[in-house]
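*Asks:*
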Amino acid sequence: MSQESRRFPRVQDVVIPILREALPHAHVTSWTPDIDYREFPIVNVRRLGGYRHRGYPNKMDLPVIEITVYHDQGLVAAEDLYVEVLNALFDAQRTNKQVDSGYLTHIRETMGMTQFPAQAMDTWRVQGLILVGVRASRKE
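Per this note's numbering, the sequence shown runs over residues 3 to 142.
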């Protein structure tokens, strides 16, 4: 499906560039790399559902994203990086930061940071769910 028929961007196309710019020390992805190729820390962004805005169904998407942080320097380091992720997203929304594909209209944490078992030995994992509003970039 083309961007023209979609009318609003994929949430990953907005969130990942924001996080990559704000967190140059982390690997921001939408798919966790194979265990043999992982470099830590990792921030993974995955859409878990959501819905279209009732008043603007062809202009605004309201997806829920799962933010998962993997770190090899301990639980506190993973938690701190998760906080950095949230700060970057809230800052981007507050300042109406535009990336090539769009911007965040609002943000709400629906499930706060939660510790989960990590898949790799000697790593830590925390994740949370965030509802964001996504719109296409403003055309000038």
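Heads up, the beta-carbon is just placed ideally off N, CA and C, and yes, glycines get one too.
Along the chain, where does the alpha helix (DSSP H) that runs through residue 18 open and close?
*Replies:* Residue 18 sits at position 16 when you count from the first residue of the sequence shown. Taken as a continuous stretch (DSSP letters only), the alpha helix (DSSP H) holding residue 18 covers 13-24.
*Asks:* By Cβ distance, which residues of its chain are closer than 8 Å to residue 124, with the 5 residues on each side in sequence left out?
*Replies:* Counting from one through the sequence shown, the residue named residue 124 turns up at place 122. Taken in chain order, the residues that qualify are 74.
*Asks:* Using only alpha-carbon positions, find the residue among 122, 79 and 132 that is nearest to residue 36.
*Replies:* Here residue 36 refers to the residue found at position 34 when the sequence shown is read from its first residue. That would be 122, whose Cα lies nearest to the Cα of residue 36.
*Asks:* Residue 53 lies in the beta strand (DSSP E); which residues open and close that run?
*Replies:* Taking the sequence shown and counting its residues from 1, one reaches residue 53 at position 51. That run of the beta strand (DSSP E) goes 44-54.
*Asks:* Which two residues bound the contiguous alpha helix (DSSP H) that contains residue 84?
*Replies:* As a first step, residue 84 is located in the sequence shown; it is residue number 82 there, counting from the start. Unbroken alpha helix (DSSP H) run through residue 84: 77-96.
*Asks:* Have a look at 25, 29 and 44 and flag the residue whose alpha-carbon is nearest the alpha-carbon of residue 120.
*Replies:* By 1-based counting over the sequence shown, the position of residue 120 is 118. Closest by alpha carbon: 44.
*Asks:* One question on the structure: do residue 47 and residue 71 come within less than 8 Å of each other, judged by their Cβ atoms?
*Replies:* Position 45 of the sequence shown, counted from the first residue, corresponds to residue 47. Position 69 of the sequence shown, counted from the first residue, corresponds to residue 71. Taking 8 Å as the Cβ cut-off, residue 47 and residue 71 do not qualify as a contacting pair.
*Asks:* Using the rule of at least 16 other Cβ atoms within 10 Å of the residue's Cβ for burial, across every protein chain shown, is residue 14 buried or exposed?
*Replies:* Indexing the sequence shown from 1 puts residue 14 at position 12. With 16 or more Cβ atoms within 10 Å of its Cβ, residue 14 is classed as buried.
*Asks:* Alpha carbons only, please: which of 135, 140 and 139 is nearest the one belonging to residue 52?
*Replies:* Position 50 of the sequence shown holds residue 52. Closest option to residue 52, Cα to Cα, is 135.
*Asks:* Between 20, 67, 126 and 17, which has its C-alpha nearest residue 78's C-alpha?
*Replies:* By 1-based counting over the sequence shown, the position of residue 78 is 76. Residue 126 is the option with its Cα nearest to residue 78.
*Asks:* Rank 11, 132, 117 and 129 by C-alpha distance to the C-alpha of residue 59 and give the top, closest one.
*Replies:* What you label residue 59 is simply residue 57 of the sequence shown in a count that begins at 1. Comparing Cα-Cα distances from residue 59 to each of 11, 132, 117 and 129, the minimum goes to 11.
*Asks:* Are the CB atoms of residue 49 and residue 67 within a distance shorter than 8 Å?
*Replies:* Stepping through the sequence shown from its first residue, residue 67 is reached at position 65. Stepping through the sequence shown from its first residue, residue 49 is reached at position 47. Yes, the Cβ-Cβ distance between residue 67 and residue 49 is below 8 Å.
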